[in-house]
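Shown next, in structure tokens, is the structure this report addresses.
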Amino acid sequence: MNSGRFPPLKQTPLKRVRRRRLTLSTTVGKVVLNVSYGWDSVREQWVCPAREAWSLGPHEKMSPELEDRICFTATQTSSYEKAAEVAAKWGCSVCDSVIYAHVQKRGEEALEAELARVKEVEWPSTREKVSQEAEKNLPAPPFDLIVMVDGWMNRQKGPDWGLKPPETAAERVNWREIKTGIIFRIDHQAQTAGGRGMVIEKSVVSYQGEPWEFCRRFYAEAVRRGLDQARRIYWVADGGKWTWEIKRGRFPWAIGLLDFYHAAQHLWTLAAALLDGSPAKQQQWVQPLLHRLHNGQEQQVLRTLESLLDEFKADLSAEACEIIEREVRYFQSHRDHLAYSKRREEGCPNGSGAMESTCSQLQGRFKCSGQFWSQAGKDHLMALEMAKRNGDWDDLWEEVA
């Protein structure tokens, strides 16, 4: 099967055929082959039928199967050095620089494939086809989808990376936010034997850049996972402004839910401003509100918080009053996203634990001690990571699949 990277082989006989040695790194070690090269009069270029049959570029010296394995190993280990150690253990000595080069090549192709899928969703002429393909892998309706979004920080090389001498003040390191979202069905939630929640199957999108571009990619993945067929869409997120802007822009009909633990943090901030220096009193004030919020009395909680705007102003400092006003306004802006009891009855989780877990997993690969990424290096490995998680891996290696 031809992968599309090269035109299909022609039946026209080659001219000026020569035999050359082709040395390939494979899963069984180095293999030396005696292959034909010749002039293709149709394409007017020198070709090697064996290379084209195996989808090898003009200078590639690694079999697709081995490339598949080392790239996959790179996503499963904490560094390219570790990936090389693992490869050597299963009988293939490949240096970390070679693994890096193949990850960059295949990662770039994975990025191009992702953007192609986004365009398929955006074009009206192909969107219906994407939706129909999604429907083939979905259960009979009704089913509900949960979407969660969050961000985490990635350490990258700054504009002055490597500047000498070391004591010179310079911008050597930059921290950049990686926006990440997950999509899964309610019926894909489960529990471990110990009672800990887990998600059996989910799709992941990660992107560094503007929220609108993340939104394009996330929306396209949601369509692939049943957005058009779902009965209900639940949007669970913390209070980040960009997360709710995305909801308003592309998921306006989704049922919003503010992450409960995030809401609890804001209540504790309020308590600290009201009852400064008294942890016992703070707990006494917060716990009843958390109980009501958790059990369907969110409107009572809102009324209690709104009463603070006038009730305590005379007895508090200007700084404390400013905190109280800010936090109360925060809860007012999310008054439609606090129905925890009702959402729980419908099967929607009250917290974004699955999102936090996904971010932690990604940070385990992209935020290790001593790692400083270039954006391209991070993007290409991340594209392979997403292909692995979302079931798109084998599309990059059609011959292997």
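Numbering-wise (my numbering), the sequence shown opens with residue 118 and increments by one. Note that CB positions come from ideal geometry on N, CA and C, so glycine has one too.
Inclusion of A227 and A500 in the CB contact set at 8 Å is warranted, their separation being smaller than that value. Excluding sequence positions up to five before and after L255, its CB lies within less than 6 Å of the CB of G343, Q346, all in the same chain and listed in chain order. Cβ atoms of L131 and L139 stay farther apart than 8 Å, at about 16 Å. Minimum Cα-Cα distance from N507 among the listed residues G470, N271, Q221, I300 corresponds to I300. Out of R223, E169, L173, V164, the CA that lies nearest to the CA of T192 is found in R223. Within 10 angstroms of the beta-carbon of C485 lie fewer than 16 other beta-carbons, which makes it exposed. Taking the C-beta atoms as reference points, V266 is found nearer than 8 Å to I363. For Q273, the CB contacts under 8 Å within the same chain, skipping 5 residues up- and downstream, are V290, N291, W292, R293, F489, W490, S491, Q492, K495 in chain order. Of all C-beta pairs linking the segment 347–355 to the segment 439–450, fewer than three are shorter than 8 Å, placing the two stretches out of contact.
A straight-line Cα-Cα distance of about 16 Å links R334 and A251. A distance below 7 Å between beta-carbons, with the five flanking residues on each side excluded, links P258 to the following residues of its chain, in chain order: Q346, R348. Considered as a whole, the segment 179–217 harbours 181–193, 197–206 as its complete alpha helix (DSSP H) runs of no fewer than 4 residues, in chain order. In this structure, V211 is the residue among V316, V211, S477, L173 with its C-alpha nearest to the C-alpha of V145. Every unbroken stretch of the alpha helix (DSSP H) spanning 4 or more residues and falling wholly within the segment 418–468 is given here in chain order: 435–450, 457–462. The beta-carbon distance between G394 and H454, rounded to whole angstroms, is 32 Å. This is too long to meet the 8 Å contact definition.
Residue burial annotation: W510 is buried, with at least 16 other C-beta atoms found within 10 angstroms of its C-beta. Separation of the CB atoms of S158 and R136 is rounded to 19 Å, and the pair is thereby denied contact status at 8 Å. Shortest Cα-Cα distance from S450 to any of Q162, D355, E161 involves D355. Per DSSP, the continuous beta strand (DSSP E) segment holding V266 begins and ends at 261–274. Separation of the CB atoms of N412 and S458 is rounded to 5 Å, and the pair is thereby assigned contact status at 8 Å. One Cα belongs to H305, the other to W514, and the distance between them is close to 28 Å. Between the segment 184–203 and the segment 464–477, the count of Cβ pairs shorter than 8 Å is below three; the stretches do not touch. Taking C-beta atoms under 8 Å as the contact rule, G155 and V164 qualify, at a distance of about 7 Å. Here F489 carries a coil assignment [DSSP, helix/strand/coil]. Secondary structure of E288 (DSSP, three-state): coil. E330 counts as exposed, since fewer than 16 other C-beta atoms from the protein chains shown sit within 10 angstroms of its C-beta.
Taking all protein chains shown into account, L410 has 16 or more neighbouring C-beta atoms within 10 Å of its C-beta and is therefore buried. Check the Cα spacing between P181 and each of A504, Y197, Q308, H219: the tightest is with H219. With 16 or more other Cβ atoms inside 10 Å of its own Cβ, E415 counts as buried.
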